[in-house]
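J.: Protein chains in written order, with my numbering: chain A, 692 to 897; chain B, 692 to 897; chain C, 692 to 897; chain D, 692 to 897.
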DNA sequence: CATGAATGAGCGTTCATTCAT
DNA sequence: TATGAATGAACGCTCATTCAT
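#1: Would you say residue 884/C reaches chain D, if we count a Cβ-Cβ gap shorter than 8 Å as a contact?
#2: Report the partner residues of residue 843/C according to the DSSP bridge assignment.
#3: What residue ranges within the stretch 709 to 733 of chain B form continuous alpha helix (DSSP H) runs of no fewer than 4 residues, ordered along the chain?
#4: Work out the CA separation of residue 767/B and residue 851/B for me, nearest whole Å.
#5: For residue 864/C, I'd like the list of residues in its chain whose CB is within less than 6 Å of its CB, leaving aside the five on either flank, ordered along the chain.
#6: Quick one: list the residues of chain B neighbouring residue 751/A, beta-carbon separation under 9 Å, in chain order.
#7: Less than 8 Å separating the beta-carbons of residue 793/D and residue 765/D?
#8: Using a beta-carbon distance cut-off of less than 7 Å, what residues from the stretch 840 to 867 of chain C approach chain D?
#9: Output needed for residue 895/D: all residues of its chain with C-beta closer than 6 Å, excluding positions within five of it in sequence on either side, in chain order.
#10: Please state the DSSP three-state secondary structure of residue 778/C.
#11: Does chain D have any CB closer than 8 Å to the CB of residue 877/C?
#12: Am I right that residue 706/B and residue 746/B are in contact with their C-beta atoms under 8 Å? What's the rounded C-beta distance?
#13: Is it buried or exposed, residue 802/D, if we count other Cβ atoms within 10 angstroms and call 16 or more buried?
#14: State buried or exposed for residue 860/A, treating a residue as buried only when at least 16 other CB atoms are found within 10 Å of its CB.
#15: Could you name the residues of the same chain whose beta carbon sits closer than 7 Å to that of residue 831/D, not counting the 5 residues immediately before and after it, in chain order?
#16: Does the beta carbon of residue 708/B come closer than 8 Å to any beta carbon on chain A?
#17: Using a C-beta to C-beta distance shorter than 8 Å, which residues of chain D count as neighbours of residue 810/C?
#18: On the three-state DSSP scale, how would you describe residue 835/B?
#19: Using beta-carbon positions only, say whether residue 776/B and residue 785/B come within less than 8 Å of one another.
#20: Which chain D residues are close to residue 783/C, counting only those with a beta carbon under 7 Å from its beta carbon?
#21: Mind listing the chain D neighbours of residue 831/C? Cutoff is C-beta to C-beta under 8 Å, in chain order.
#22: Looking at residue 789/B: is its Cβ nearer than 8 Å to the Cβ of residue 769/B?
#23: Less than 8 Å between the beta carbons of residue 888/A and residue 708/B, yes or no?
#24: Please report how far the alpha carbon of residue 756/A lies from the alpha carbon of residue 718/A, in whole angstroms.
#25: What is the DSSP secondary structure of residue 883/C, counted as helix, strand or coil?
#26: Output needed for residue 728/B: all residues of its chain with C-beta closer than 6 Å, excluding positions within five of it in sequence on either side, in chain order.
#27: For residue 891/B, which residues of its own chain have a beta-carbon under 7 Å away from its beta-carbon, when the five flanking residues on both sides are left out?
#28: Given that a residue counts as buried once 16 or more other Cβ atoms are within 10 Å of its Cβ, and exposed if not, what is residue 868/C?
#29: Along the alpha helix (DSSP H) that carries residue 806/A, what are the first and last residues, could you check?
#30: Do you know how far the Cα of residue 730/B is from the Cα of residue 858/C?
#31: Is the CB of residue 880/B under 8 Å away from at least one CB in chain A?
#32: Whole angstroms is fine: what's the gap from residue 791/C's alpha carbon to residue 703/C's?
#33: Say whether chain B places a C-beta atom closer than 8 Å to the C-beta of residue 887/A.
#34: Got a sec? Which residues, its chain only, sit under 7 Å from residue 715/D by beta carbon, not counting five neighbours each side?
#35: Taking the alpha carbon of residue 856/A as the reference point, which residue from 876/A, 725/A, 829/A and 736/A has its own alpha carbon closest?
#36: According to DSSP, is residue 739/D helix, strand or coil?
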């Protein structure tokens, strides 16, 4: 990098967005490991990889930018979905359908997200305001609240949150082998499954 | 063209085993991406990477050998665990406790397994006789059988199998961040969770 | 072809001075090799390196400007110091104390000077009116005069000038490892040393 | 590097020596900064820079190897020269003529030595058993001994050692601009100069 | 007078693999 | 069965400089 490239100008921001988009596409298609500056530049139609180095301090910053963009979009989507629901059970349902729905609508972005999370090269957590732990945190909060309100049975909220989250984290991978997978049906199955797995039953001790 | 390296002689097999073991350790510690021939040779105490190239046709074959070894061991362990149980519910319980137990006992091997599955470079399915699909297949078979016998409720066996499998696939990753995680408790939570999620209830229609 | 950047306007001259100052600081801290346009711009608070390229034809011209500034200041200081002394012996003493004194007062500038002299990339002599040879020339002139006046013994003035000059050239380097070095004491030692080394003794043949 | 290239075999050692020699020549001609792996490979007639990376862990190790070779040779030469002399005055004389003589006989090597010392990139001191400080140390020891024996006058041994050492360190640089310089005469001048500068005189207080 | 954007060349390093015994 | 030597390609990154306003 030379000094500090502007991300604050219009054309600069446009270039950055273009490079981030090309990065997402490349990761989605080839995976993180095969995603080099050369391949990104190729896809973005840039004359040289130098342009990427010019706009981003390094590979870590580029990946952090991808992360930030996708997580921001995802976060807004999830907030909107979950906030509507009234009780914990409803919010859990909304969380599941919201996340599966986002994955269905943005396969490439979610695939890129997962790939980056699985490759902890630099210190990505320093960039994104919201990350995997946060995701687990949100879910755990919903589960705890449901337990406190007597909607959910007694279970370890961390374990349950992990199970639920992983069942959806794996989707981008699953979609690779089964692109035709019916995600709406998948979401319905998950909702039923985790409703049964979590809900309190008559006679349960709070 | 070189002479085909025999895996059929004693010293040859020993060397292969040594290299496979070093590969597992390296992947478990550094992850798939940082696992190069150089680092494996280093750990195995070999004077050059040439010995690896000599015994394995390439990186893909080496990884396939790792896969074969771990999956074979895991397969025997699981077969032993699951076959004991009488009904489907018991076999599901045995599957979960068996797999979590194996993961607890062989963290490095399971971590390597997961890393290799997550990095589909070559065509691994051509090597290993048993792979991830098989794992899902076994689980799916248990679930189907339980449904047929009226033990389990109606659900999509593929989706349920995926959810259950992923909840344990993620363990090696989880153990990286939380090495002190109580795996027995984790297994108990999973057993309860998926028992509730799968079992038929009075009044259910078969 | 671009318009020639004027050093003749007020703001232009100010910018040039600012850049030269930042260059000196950068060289003093990081050394010549690590001193790139990017790092200079960073230190000077410039938004891009373009401003440097704009005001200076290239790296060589920038370094020549640094050289010119420091050598000019040093030259005036030395002229003032040396001219006061009456005989050659006194002028030699003044030269030594003057140069060591200047080094003590302007460590960064002298460090930059030395770094640039040690990295003869372009043809620096074409820029600066006064350079290392001139320095040696001044010293040599003092020594020759002292010999002619019978104050100094017979020796090769060039060699002696080199020895004396190098004993002080090395100071910026020495100060890196020993920042607490007592430069006044150092100067006194040099004065005594070279007084003994140069002066004529009774019975010497002129 | 891959694992560990052999420096212990005959051909390996020969290659290493060849590369070290090419490195010395390149530094001597172009200076440290212009000395890249590409230029060294070019001069050594290697097919690619990869061969250098194969035999040396990195640039630092290569430079350390150059340093080790030259310092070893120089050290043996100096030890031989200085040990012959009886008193401190003689040893000082031997030190000067020995070092200047070595520089005259091995201009390229000494130029390379100086260039590397002036570019403290990695931690070179960890490699060479003997370095610049040692050189100063040897000289200082001679001076101190001479003072204790009453051969030398009172002066700061560190300062005097620095002055003497620098007067010879500068030779490779001086030879660049004046290749025809008479080094024997130069040595004689130095011997006289520092003899006068250091020796005790009748009436001096020990 | 100023500057954001862009660029081609070069850097040291690492990769899996092949050559030649 | 084993191994030291060698290799071309690719990697992320930095360089001084030029383009176009």
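Just so it is clear, CB atoms sit at the ideal spot from N, CA and C, and this is done for glycine as well. Computed from a predicted structure; not experimentally measured.
T.: The answer reads as follows:
#1: What you label residue 884/C is simply residue 193 of the third chain in a count that begins at 1. Interface residue, yes.
#2: On the third chain, position 152 is the one that residue 843/C refers to. Assignment of beta-bridge partners to residue 843/C by DSSP yields 890/C.
#3: Within the stretch 709 to 733 of chain B, no run of alpha helix (DSSP H) at least 4 residues long lies entirely inside it.
#4: The residue you call residue 851/B lines up with position 160 of the second chain. The residue you call residue 767/B lines up with position 76 of the second chain. Each residue's alpha carbon lies about 23 Å from the other.
#5: The sequence position of residue 864/C within the third chain is 173, counting from 1. Contacts found: none.
#6: Numbered from its first residue, the first chain carries residue 751/A at position 60. Using a Cβ-Cβ cut-off of 9 Å, residue 751/A is close to nothing in chain B; its nearest Cβ partner there is about 14 Å away.
#7: The count along the fourth chain starts at 1 and reaches residue 793/D at position 102. The count along the fourth chain starts at 1 and reaches residue 765/D at position 74. Yes, these two residues count as a Cβ contact at 8 Å.
#8: Residues 846, 847, 850, 851, 853, 854, 857, 858, 861 and 865.
#9: Here residue 895/D is taken as the residue at index 204 of the fourth chain, counted from 1. So the qualifying residues of the chain are 844.
#10: Locating residue 778/C in the third chain gives position 87, counting from the first residue. Shown here, residue 778/C sits in coil according to DSSP, grouped into three states, outside any helix or strand.
#11: Working through the third chain from its first residue, we reach residue 877/C at position 186. Closer than 8 Å to some Cβ of chain D, the Cβ of residue 877/C qualifies, so yes.
#12: As a first step, residue 706/B is located in the second chain; it is residue number 15 there, counting from the start. As a first step, residue 746/B is located in the second chain; it is residue number 55 there, counting from the start. Contact between residue 706/B and residue 746/B holds: their C-beta atoms lie close to 6 Å from each other, under 8 Å.
#13: Counting from one through the fourth chain, the residue named residue 802/D turns up at place 111. By the neighbour-count rule (16 or more Cβ atoms within 10 Å), residue 802/D is buried.
#14: Stepping through the first chain from its first residue, residue 860/A is reached at position 169. Looking at its Cβ environment, which holds 16 or more other Cβ atoms inside 10 Å, residue 860/A is buried.
#15: Locating residue 831/D in the fourth chain gives position 140, counting from the first residue. Only 848, 849 and 852 meet the Cβ criterion.
#16: By one-based count along the second chain, residue 708/B stands at place 17. At least 8 Å separates the CB of residue 708/B from every CB of chain A.
#17: As a first step, residue 810/C is located in the third chain; it is residue number 119 there, counting from the start. Chain D residues near residue 810/C: 722 and 724.
#18: Reading the second chain from its first residue, position 144 is the one you call residue 835/B. In this structure, residue 835/B counts as helix in the three-state DSSP scheme.
#19: Position 85 of the second chain holds residue 776/B. Position 94 of the second chain holds residue 785/B. Their beta carbons are under 8 Å apart, which means residue 776/B touches residue 785/B by this criterion.
#20: Position 92 of the third chain, counted from the first residue, corresponds to residue 783/C. What residue 783/C touches in chain D, judged by beta-carbon distance under 7 Å, is nothing: the nearest beta carbon there is about 13 Å away.
#21: Position 140 of the third chain holds residue 831/C. For residue 831/C, there are no neighbours in chain D by C-beta distance under 8 Å, as the nearest C-beta there is about 14 Å away.
#22: Position 98 of the second chain, counted from the start, is the residue given in the question as residue 789/B. Position 78 of the second chain, counted from the start, is the residue given in the question as residue 769/B. In this structure, residue 789/B lies near residue 769/B, with their beta-carbon atoms less than 8 Å apart.
#23: Walking along the first chain from the start, residue 888/A turns up at place 197. Walking along the second chain from the start, residue 708/B turns up at place 17. The answer is no: Cβ separation not under 8 Å.
#24: Sequence index remark: in the first chain, residue 756/A carries index 65 (1-based). Sequence index remark: in the first chain, residue 718/A carries index 27 (1-based). One C-alpha to the other measures close to 14 Å.
#25: Position 192 of the third chain, counted from the first residue, corresponds to residue 883/C. The answer is helix: DSSP assigns residue 883/C an H, G or I state.
#26: Indexing the second chain from 1 puts residue 728/B at position 37. In the same chain as residue 728/B, and ignoring 5 residues on each side of it, the C-beta atoms closer than 6 Å to its own belong to 740 and 743, in chain order.
#27: Numbered from its first residue, the second chain carries residue 891/B at position 200. Excluding its 5 nearest sequence neighbours in each direction, residue 891/B has C-beta neighbours in its own chain below 7 Å: 841, 842, 843 and 844, listed in chain order.
#28: Position 177 of the third chain holds residue 868/C. Burial call: exposed.
#29: As a first step, residue 806/A is located in the first chain; it is residue number 115 there, counting from the start. First-last of the alpha helix (DSSP H) with residue 806/A: 798 to 808.
#30: Counting from 1 along the third chain, the entry for residue 858/C is found at position 167. Counting from 1 along the second chain, the entry for residue 730/B is found at position 39. The C-alpha of residue 730/B is placed about 50 Å away from the C-alpha of residue 858/C.
#31: In the second chain, counting from the first residue as 1, residue 880/B sits at position 189. Interface residue (Cβ-Cβ distance to chain A less than 8 Å): residue 880/B is classified as such.
#32: Here residue 791/C corresponds to residue number 100 of the third chain, with the count starting at 1. Here residue 703/C corresponds to residue number 12 of the third chain, with the count starting at 1. Going from the Cα of residue 791/C to the Cα of residue 703/C covers about 33 Å.
#33: The count along the first chain starts at 1 and reaches residue 887/A at position 196. Chain B contact via Cβ: present.
#34: In the fourth chain, counting from the first residue as 1, residue 715/D sits at position 24. Excluding residues up to 5 positions away in sequence, 757, 799, 800 and 803 lie with their Cβ nearer than 7 Å to the Cβ of residue 715/D in the same chain.
#35: Position 165 of the first chain, counted from the start, is the residue given in the question as residue 856/A. Among 876/A, 725/A, 829/A and 736/A, the Cα nearest to that of residue 856/A is on 829/A.
#36: Here residue 739/D corresponds to residue number 48 of the fourth chain, with the count starting at 1. It is coil, neither helix nor strand.
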